[in-house]
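Undergrad: Residue 331 in the working numbering is what sits at position 328 of the sequence shown, and the numbering runs on without skipping anything. Just so you know, even glycine gets a beta-carbon here, dropped at the ideal spot from N, CA and C.
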Amino acid sequence: MYTVNMEQLLKKYFGYEQFRPLQKEIIERTLLGKDSLVLMPTGGGKSLCFQLPALMKEGITIVVSPLISLMKDQVDAMQASGIPASLINSTLTPAKIGEVMEQVKRGQLKLLYVAPERFASAGFSDFLQSIAIGLIAIDEAHCICEWGHDFRPDYRNLSMLRGQFPHVPIMALTATATPDVRQDIVRQLHLQDHQLFISSFNRPNLSYEVFPKKDSLESIMSLLSSYKDQSVIIYCFSRNDTERLVESLNRNGFNAAAYHAGLNAKQRAENQNKFIRDEINIMVATIAFGMGIDKPDVRLVIHHSLPKSIEGYYQETGRAGRDGLPARCVLLFSYADKFKHDYFLRNIRDDDERQKVQDNLDQVVRYGDFSGCRRQFLLNYFHENYDQQNCGNCDGCNGRAVLQTPEKKIRSFLSSALSAAGEIVSYDKVLFEKLRVLRLAEAQKLHVPAYVIFGDKALMDMAVKLPVTSEAFLDIYGVGDQKLAQYGPQFMAAIRQHTSGN
């Protein structure tokens, strides 16, 4: 039925030599026309589960994505890999939407990213009925759950998809879902004869630490001093906390911007774009920021305040280290923050809802107080058995956290990379920095985020292998045919120049 080899497509378009756990099984089930519910941690490769079959199936793949600001970057990344993709959301003019619809009708696209509110439009539903759809992928599927931590009312519009497209496979994807949330996703989306795929929630490259929240500004600045020019997200409880912290950090020479619901949509989008395009390196935000953020090189996530739930905490810390390289997650813990949450709890009138919110908060407090392995705590919460005696990458296993990351450890992170097998290997840091400068210049020319060109992991791989031929360049992590053709000559020239000068 499918004559094209999946592994060939994986290398040609995505630049990967092999699938990650469960990806191939999920894709094979989709090619059989079956429904799936996919639970995979952030950075685990969820997107590839629908992007690759989109290249193999007849018709177009519709991808429902909740964050409009993220869609363009997702589409840019697809196009940079040679995959015809586009989007429809409220940022487009009616004329532009009409152009995209014409492209779809002519069969020129393989993926169409759509905001969930589109499905409330009868005109859009009629359009979908008029085209051949091969797959419907619903990203961040937990947003359909009313009592979930990220409920989006527009996701309720998706309940009608099964009735309208009874023979089109539906793939629901999320990074966090307890058993109750999973059941609700299946019920709301009317998944039929579906298979549940659960990848490990363990993120071994992330370290987890909790510090007492005393002088929070000093604590944060001490942490940030080890992450100069590296991407950092700091989560705060309120808009006021966010604004005050940004002002204090910038006054002290850091490069930070705010993101919260009090800013208008234009300012939020502008600040997010600055962060994604490395014009600022610190984003200070409420939980309004982060879901679906695709920036792979966030090296540090700090929670300035208590998160509302373990699911939310896992999702927010999951923004760190999506490229598989070492990253750090720090919670500043104080009971005073719990009392802030308690104040809002009293305003919830529904007894069941109030109890659920209280239970979620109690779990977070338990995590903050916990003296054992924090990784084990998080994985057990998601009903995943983790029986290692020592994870070696949290303050519970390594002794109480020391606020300053030892310089030796930071230097080792900066001069090492993870090989495909996960081992730490040395690389040429001077060349890596030259390649970063070249990458930024290419990204600015194309008005795309730097990681759309190449991720840090690819640049580190280049700084290890020093490829100067097309064959060698294709062996670099994340390099497929399109990226070889578009960027290979410039990057190989830079490598040749560097090696001949040494």
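Considering Cα atoms alone, identify which of P207, A98 and E356 is closest to N393.
TA: Cα-wise, what sits closest to N393 is P207.
Undergrad: Starting from Q305, follow the beta strand (DSSP E) in both directions and report where the run begins and ends.
TA: Per the sequence shown, the amino acid found at residue 305 is Ile instead of Gln. V301 to H306 is the span of the beta strand (DSSP E), which, as asked, contains I305.
Undergrad: Apart from the five residues just before and just after V455, which ones in its own chain have a Cβ nearer than 6 Å to its Cβ?
TA: The residues are D79, A80 and A83.
Undergrad: What are the complete beta strand (DSSP E) segments, minimum 3 residues, inside the segment 118-168?
TA: Fully enclosed beta strand (DSSP E) runs of 3 or longer: 136-141.
Undergrad: According to DSSP, which residues form a beta bridge with R331?
TA: DSSP lists S210 and L303 as partners of R331.
Undergrad: For L176, decide whether its Cβ has a neighbour in chain C, counting only Cβ atoms nearer than 8 Å.
TA: Structure shown: chain C not included; a single protein chain is present.
Undergrad: So what does DSSP say about F240, is it helix, strand or coil?
TA: Of the three classes helix, strand and coil, the one that applies to F240 here is coil, per DSSP.
Undergrad: When we look at the beta-carbon of Q198 and count the other beta-carbons within 10 Å, is it buried (16 or more) or exposed?
TA: Its Cβ having fewer than 16 others within 10 Å, Q198 is exposed.
Undergrad: Determine the burial state of S89: buried for a count of at least 16 other Cβ atoms within 10 Å of its Cβ, exposed for fewer.
TA: The residue is buried, with at least 16 neighbouring Cβ atoms inside 10 Å.
Undergrad: Of all the alpha helix (DSSP H) runs that stay within the bounds of the segment 51-117, which reach a length of 4 or more residues?
TA: Counting only runs of 4 or more, we get 51-59, 71-83 and 97-108.
Undergrad: Is the segment 110-117 touching the segment 143-157 in the sense that three or more CB pairs, one from each, lie closer than 8 Å?
TA: They do not touch, by the three-pair rule.
Undergrad: Look up G504 in the DSSP assignment and say whether it is helix, strand or coil.
TA: Reduced to three states, the DSSP call for G504 is helix.
Undergrad: Which residues share a DSSP beta bridge with F200?
TA: Paired residues: V41.
Undergrad: Rounding to the nearest angstrom, what Cα-Cα distance links L194 and G315 in this structure?
TA: Whole-angstrom Cα-Cα distance: 25 Å.
Undergrad: What is the DSSP secondary structure of L176, counted as helix, strand or coil?
TA: L176 falls in the strand class under three-state DSSP.
Undergrad: Indicate the three-state DSSP secondary structure (helix, strand or coil) for V184 in the structure shown.
TA: Reduced to three states, the DSSP call for V184 is helix.
Undergrad: Please state the DSSP three-state secondary structure of P452.
TA: Looking at P452 - three-state DSSP - the assignment turns out to be coil, as it is neither helix nor strand.
Undergrad: Determine the DSSP secondary structure at V235, reduced to helix, strand or coil.
TA: Of the three classes helix, strand and coil, the one that applies to V235 here is strand, per DSSP.
Undergrad: What do you get for F416, buried or exposed, if any count of 16 or more other CB atoms within 10 angstroms of its CB means buried?
TA: Only weak support exists for where F416 lies, its pLDDT of 45 falling under 50; the value from the coordinates is given anyway. Answer is buried; the Cβ neighbour count reaches 16.
Undergrad: For Q379, which residues of its own chain have a beta-carbon under 6 Å away from its beta-carbon, when the five flanking residues on both sides are left out?
TA: For Q379, where only same-chain residues beyond five positions count, the Cβ hits under 6 Å are Y389.
Undergrad: Assuming L443 and A497 form a contact by the criterion Cβ under 8 Å, report the distance between their Cβ atoms to the nearest whole angstrom.
TA: Actually they do not touch by this definition, with Cβ atoms about 13 Å apart.
Undergrad: Taking E61 as the reference, give the member of Q77, G402 and T33 with the closest Cα.
TA: Of Q77, G402 and T33, the residue nearest in Cα terms is T33.
Undergrad: Is the beta carbon of N258 closer than 8 Å to that of N276?
TA: No. Outside cutoff.
Undergrad: Three or more beta-carbon pairs under 8 Å between the segment 11-28 and the segment 148-167, yes or no?
TA: Counting Cβ pairs under 8 Å, fewer than three are found: no touch.
Undergrad: So for V287, helix, strand or coil by DSSP?
TA: Looking at V287 - three-state DSSP - the assignment turns out to be strand.
Undergrad: Name the DSSP beta bridge partners of P215, please?
TA: The partner list for P215 (beta bridge, DSSP) reads F336.
Undergrad: Could you tell me whether the Cβ atoms of I237 and V301 are closer together than 8 Å?
TA: No, the pair does not count as a contact, with Cβ atoms beyond the cut-off.
Undergrad: Which value, in whole angstroms, describes the spacing of the CA atoms of L421 and N205?
TA: Bear in mind that a pLDDT of 48 at L421, under 50, signals an unreliable position, so the number given afterwards is only what the model happens to contain. Near 17 Å, if we compare the C-alpha coordinates of N205 and L421.
Undergrad: Going by C-alpha to C-alpha distance, which of E221, E445 and G371 sits closest to A339?
TA: The candidate whose alpha carbon is nearest that of A339 is G371.
Undergrad: When the distance is taken between beta carbons, is E319 closer than 8 Å to P310?
TA: Yes, the pair counts as a contact, with Cβ atoms nearer than the cut-off.
Undergrad: Let me check understanding here. Comparing Cα to Cα, which of H307, G324 and V189 lies closest to V249?
TA: Cα-wise, what sits closest to V249 is H307.
Undergrad: With DSSP collapsed to three states, give me the class of I498.
TA: The answer is helix: DSSP assigns I498 an H, G or I state.
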